[in-house]
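Data first, discussion second: the structure below is written as structure tokens.
Numbering (this note's numbering), first residue to last: 3 to 811.
The following block contains the structure:
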């Protein structure tokens, strides 16, 4: 019997190709989109989920702001971890990690510049689940020892055993270190990625560590993680930690956050890397469910509409004695086959689209047994949705009266019609919300790109690298001025300078623990401001606008200079509404008096996602040990793209002439600045793609309801045509109700879309406006989709021969 049901179902689906294709494609697209988004969302939520991760927390700083504390730095002091472990018995382990952004390794003739390393306590391996695959952990307690990831070890030593070998480490000076261990590569779904670990005891012997080598409460430059005892009341522990005052500073306090929460819920200064966005994940999750539900609603409408064509078949079966249960089983069999084909096609689409999606989002998502756990929690929801979407048409078709069915006079109940209209209304309400979301995201990204930055980054290239010499000879030391002179000889070079950082760079020097005295003579124990060094020519390269005063004068290298330039936000912070009033006055910090020579107009150093903060730029060679890290080369305007490669070759040759034993990296400032918005751009494009899918699926749903309605009203249409109604009048009649439905959906969607998109925009310090035209475009798009979906079938009904629909009367 079951075999016959499936046989009949297969024949029916094969015979009604258009109906089958529409349903299978709609469901397959919904399944594929849901699975892909779910894999992405699951990956984002899987960050830092390892064995024992529930007991691991990161310590961070809160800073006083008025009468309240707000989350501050992600980094803490080198005393924070040991002190908290000593004071609170709930803490059983602590590890300090000092971030090394870029280190150059030399092993014979192999020179490798490697980012993302750390000085680490040996307790790292008792907190994080990343054991040694070779080597002895006890050796890691000794100074000048290093542990490499498997990939880095293979780069440096090939297939040879790395443990026990020595290599040279360059970071301004050369240090020899012994490899004592190798670990697996750190998983990509980890917020703190590291390619090598240097023993923490090296801090006392390595010249580059400077003041960080001393235990103190002055420089918060360390990431600190703790592991608590099982079943610890972490809320109570957090309150005790916040109430402590080990550093004796009432303007700051320690706090903790779960390591598994960092990636999606933390966006503090000095994060180890740019974290994800919980709101972005929530939005994509909502889109995934909306698309899948829309595909089910489509199936319900299409299947119900198609059931009217089978009323005579149902009538014959009922007259022949078929019970209702048999008809339900028959209909469910058809649904099963249709959903099975859709599932197979959907999975195929996932495998086909996933590599493209991975390149797009920069992930390595796979669909397989390894991550099946991501999909499993949703299987119940998918099964229930599939069952309900299949059961409703089965109940409708099995409930036809046999006599009316045989006469072709089946009329749907008013409740049934209202339910289907309500489902279509829900589809279009969701579609309008998604269209508005797409437009707002695109408008915000465009806004970020087009907003004036207050600085000219065009035609500027930043050069940096490592000088490979045994003695300390930092990158911007003695020969940097020689390099500047050589670069200025190139005909296409306009200006050259040096700086510690530049707009869009990841360098984040927040002086948050510096006592500072304003010109009024009152010392502020806590004043948040950003500080970096640059040569006097830096202001010409960047084309800053001075609203008062001027830049500082050049000074001889090796001498101290105490001239600084402020941004206007800092001038206002000091109480000067007229910037010229602060020029020539003294600001004291670091135990030194600095003279303000000028005030520049505010510019966006960290991008428009962050508000402009107080900023100081100074000629701080002496503070950086003679190194500024970056040589900035501003080229003449009007250079063709064709000549750019040749120009870069000449710049690189000048570098090699001055620094023959070195590495070199270069980046264009405008490209690097725009890269800050890469994730938002990807999110916007993903939003557009999945919104397009939702619109397509909603159109299919309306197509189904139109089919159903026209079948219900075919005799009415025939009578109207016989009575003299024109094609246009019939088209208006059939379109009117559907357009009313879309209009109601639009009215309901506007406040929902406004609420959610306004909430999303609040993540940005500088926001575009929710313009009225966005909602007009979204409404117009929804009405256009509805009109096209309805008009195709309405036109067929309007031009059909009325005799065929009236012949039974």
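By construction, the Cβ of each residue, glycine as well, lies at the ideal position given by its N, Cα and C atoms. This structure is a prediction, so every number in the text was calculated from the model and none was measured.
For residue 379, the number of other beta carbons within 10 angstroms of its own is below 16, and it is reported as exposed. Shown here for residue 660: same chain residues with a beta carbon closer than 8 Å to its own, the five before and five after excluded, namely 481, 484, 485, 488 in chain order.
The closest CA to that of residue 636, considering only 92, 622, 672, is found on 672. Annotation for residue 749: the continuous alpha helix (DSSP H) segment containing it runs 729–763.
By the beta-carbon neighbour count (other beta carbons within 10 angstroms, threshold 16), residue 663 is exposed. Residues 732 of the same chain have their beta carbon placed closer than 7 Å to that of residue 722, with the five preceding and five following residues left out of the count. Relative to the Cα of residue 426, the nearest Cα in the group 72, 39, 711, 106 belongs to 711.
When only Cα atoms are considered, residue 548 and residue 770 end up about 27 Å apart. Remark: C-beta atoms of residue 177 and residue 171 approach each other more closely than 7 Å. Cβ neighbours of residue 674 within its own chain (closer than 6 Å, five residues either side excluded): 506. Shortest Cα-Cα distance from residue 58 to any of 71, 797, 128, 758 involves 128. By the CB criterion at 7 Å, residue 343 and residue 26 fall inside the cutoff.
Residue 226 is bridged by DSSP to 61, 98. By the neighbour-count criterion, in which a residue is buried when 16 or more other Cβ atoms sit within 10 angstroms of its Cβ, residue 233 is exposed.
Rounded to whole angstroms, the Cβ separation of residue 585 and residue 601 is 7 Å, and the two are in contact under 8 Å. Secondary structure of residue 163 (DSSP, three-state): coil. With 16 or more other Cβ atoms from the protein chains shown falling within 10 Å of its own Cβ, residue 631 counts as buried. Segment contact: the region 224–238 against the region 163–170, fewer than three CB-CB distances shorter than 8 Å; contact not assigned. Looking only at 113, 164, 383, the smallest Cα-Cα distance to residue 292 is reached by 383. When rounded, the separation of the alpha-carbon atoms in residue 187 and residue 152 is 6 Å. Contact check between the region 278–294 and the region 85–98: fewer than three CB pairs, one atom from each, fall below 8 Å, which does not count as touching.
Beyond the five residues adjoining it in sequence on each side, residue 56 comes within less than 8 Å, by CB distance, of 260, 262 in the same chain, given in chain order. Inter-residue distance for residue 204 and residue 53 is about 29 Å (C-alpha atoms, whole angstroms).
Cα atoms of residue 466 and residue 686: separation of roughly 33 Å, rounded to the nearest angstrom. For residue 544, the enclosing alpha helix (DSSP H) covers residues 540–544. Distance from the CA atom of residue 179 to the CA atom of residue 164, rounded to whole angstroms, is 12 Å. Here residue 29 is not near residue 702, since their CB atoms are 7 Å or more apart.
Distances from the CA of residue 593 to each of 520, 543, 568 were compared; the closest alpha carbon is that of 520.
Contact between residue 126 and residue 97 holds: their C-beta atoms lie close to 5 Å from each other, under 8 Å. If one requires a minimum length of 3 residues, the beta strand (DSSP E) runs lying completely within the region 534–599 are 548–551, 565–569, 588–591, in chain order. If you compare the alpha carbons of 366, 237, 138, 597 with that of residue 42, the shortest gap goes to 366. Taken through DSSP and simplified to helix, strand or coil, residue 265 comes out as helix. If you look at residue 255, you'll find it in the beta strand (DSSP E) that goes 254–260. In the structure shown, residue 211 adopts helical secondary structure according to DSSP, grouped into three states. Sixteen is the threshold: since fewer than 16 other Cβ atoms of the shown chains lie within 10 Å of the Cβ of residue 729, the residue is exposed.
In this structure, DSSP gives residue 612 a state outside helix and strand, which the three-state scheme calls coil.
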